[in-house]
């Protein structure tokens with residue numbers, strides 16, 4: 636793994652460890668919520684950036700609450716604005732170009748000589764699991780997370796096409812909120828199955844990685860499913876995006892998918908609270924790169940392409956003043972060594 640450390644992430648989280656160790660606390664659980672193609676778009680950013688940005692439209696109360704109780708990062712970036720190289724870097728803790736064929740988009744093959752933090756946590760006694768996307772496309776699928784062995788998707792994978800499935804259920808006569816709840820229940824059920832499989836007091840590491848924020852989505856779904864009015868973006872679009880109805884609608888639809896992710900994440904947190912694990916769980920929420928199919932977005936080395944949301948909360952641990960905003964540049968590559976240090980595992 637990279638010898639470099641991103642001081643803002645590692646120092647922030649590791650500073651809380653001595654107090655925990657002295658109290659003989661349990662090793663922390665890790666919930667990593669990682670949305671596909673979700674750029675730096677959350678209502679928490681609208682609050683700190685001031686009015687007049689596209690983030691004025693989106694509503695992400697779960698992300699905002701994690702930021703308010705923990706830390707919000709204003710300048711978090713990925714090493715590459717494309718799925719496979721970004722995820723290879725994050726999982727291995729190395730720059731993507733050091734992961735060989737694991738970093739290419741088509742024809743990726745995982746090199747098992749590269750350490751992967753989930754498998755290292757498993758060896759250290761953690762119960763690991765995932766729902767939806769971790770590392771793909773690639774061979775073997777989700778290799779750095781143990782492949783299908785640790786997949787918890789028995790309740791389904793329909794959440795990955797959120798707007799498509801909800802729109803179809805509504806067309807078939809199901810009320811909108813009931814249609815949404817059907818997909819939320821799938822996600823929560825998968826998580827419940829994961830929690831049920833762990834041993835008593837065993838620490839866990841869970842990766843929640845839905846792909847619904849990735850294109851495609853149903854045109855007009857932002858308004859139809861979430862009440863987002865695209866014309867409220869008029870005059871707030873980035874200079875590199877045409878401020879015209881079709882683009883405003885497309886961005887609103889994209890935001891709607893991010894809001895679905897945020898909503899169901901809140902339900903997973905409720906499960907942690909019910910299980911008595913909330914205060915011993917590190918929650919990290921982010922995305923793998925910027926918006927897909929927009930100029931300057933996914934696959935482009937502009938801030939709109941490599942900038943991502945990032946909020947971290949760790950129970951009752953002292954991460955500084957709650958709601959603190961960190962402006963330092965941070966890289967998601969450094970999450971792997973951070974997770975390992977949290978678990979007391981030596982970093983390669």
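Residue numbers (my numbering): 636 to 983.
For every residue, glycine included, the Cβ atom is placed at its ideal position computed from N, Cα and C.
If you're wondering where the values come from, they're calculated on a predicted model, not measured in any experiment.
Under 8 Å between C-beta atoms of residue i and residue j
i, j, result
"residue 674", "residue 895", "no"
"residue 840", "residue 904", "no"
"residue 778", "residue 732", "no"
"residue 980", "residue 949", "no"
"residue 669", "residue 921", "yes"
"residue 713", "residue 941", "yes"
"residue 797", "residue 945", "no"
"residue 754", "residue 781", "yes"
"residue 875", "residue 957", "no"
Straight-line Cα distance separating residue j from residue i
i, j, result
"residue 848", "residue 800", "14 Å"
"residue 961", "residue 704", "14 Å"
"residue 741", "residue 955", "42 Å"
"residue 939", "residue 758", "37 Å"
"residue 852", "residue 805", "15 Å"
"residue 855", "residue 877", "18 Å"
"residue 658", "residue 911", "For residue 658, the pLDDT reaches just 38, beneath the cut-off of 50, and the residue's location in the model is therefore unreliable, although a value from the coordinates is still provided. Taking the straight line joining both Cα atoms gives about 18 Å."
"residue 866", "residue 792", "32 Å"
"residue 717", "residue 968", "14 Å"
"residue 654", "residue 663", "Low confidence applies here, because residue 654 scores a pLDDT of 46, under 50, leaving its location unreliable; read the following figure in that light. If you take the alpha carbons of residue 654 and residue 663, they lie about 13 Å apart."
"residue 900", "residue 818", "12 Å"
Residue closest to residue i, alpha-carbon to alpha-carbon, out of the options
i, options, result
"residue 857", "918, 885, 878, 761", "885"
"residue 892", "672, 715, 869", "672"
"residue 862", "669, 685, 676, 694", "694"
"residue 821", "798, 794, 809", "794"
"residue 909", "781, 830, 689, 792", "830"
"residue 982", "663, 746, 750", "750"
"residue 870", "692, 666, 676, 679", "692"
"residue 902", "872, 823, 973, 661", "823"
"residue 665", "919, 850, 826", "919"
"residue 785", "716, 761, 680", "761"
"residue 928", "888, 953, 952", "888"
"residue 947", "748, 814, 974, 769", "974"
"residue 828", "836, 724, 807, 787", "787"
Unbroken alpha helix (DSSP H) run spanning residue i, endpoints
i, result
"residue 822", "811-832"
"residue 901", "880-909"
"residue 984", "Since the first and last residues shown for the chain are 636 and 983, residue 984 lies out of range."
"residue 724", "718-727"
"residue 976", "970-977"
"residue 683", "678-684"
"residue 780", "Where residue 780 is concerned, there is no enclosing alpha helix (DSSP H), given that its DSSP letter is neither H nor E."
Coil, strand or helix - residue i by DSSP
i, result
"residue 934", "coil"
"residue 853", "coil"
"residue 764", "strand"
"residue 959", "strand"
"residue 703", "helix"
"residue 786", "strand"
"residue 734", "coil"
"residue 839", "strand"
"residue 942", "strand"
"residue 918", "strand"
"residue 982", "coil"
"residue 695", "coil"
"residue 874", "coil"
"residue 952", "coil"
Start-to-end residues for the beta strand (DSSP E) that takes in residue i
i, result
"residue 664", "664-670"
"residue 946", "945-949"
Residue-chain proximity (residue i, chain C), Cβ-Cβ < 8 Å
i, result
"residue 773", "This model lacks chain C altogether, as it is built from one protein chain only."
beta-carbon residue i near the ligand ADP non-hydrogen atom, thresh 7 Å
i, result
"residue 893", "Although the ligand ADP was asked about, the structure shown includes no ligands whatsoever."
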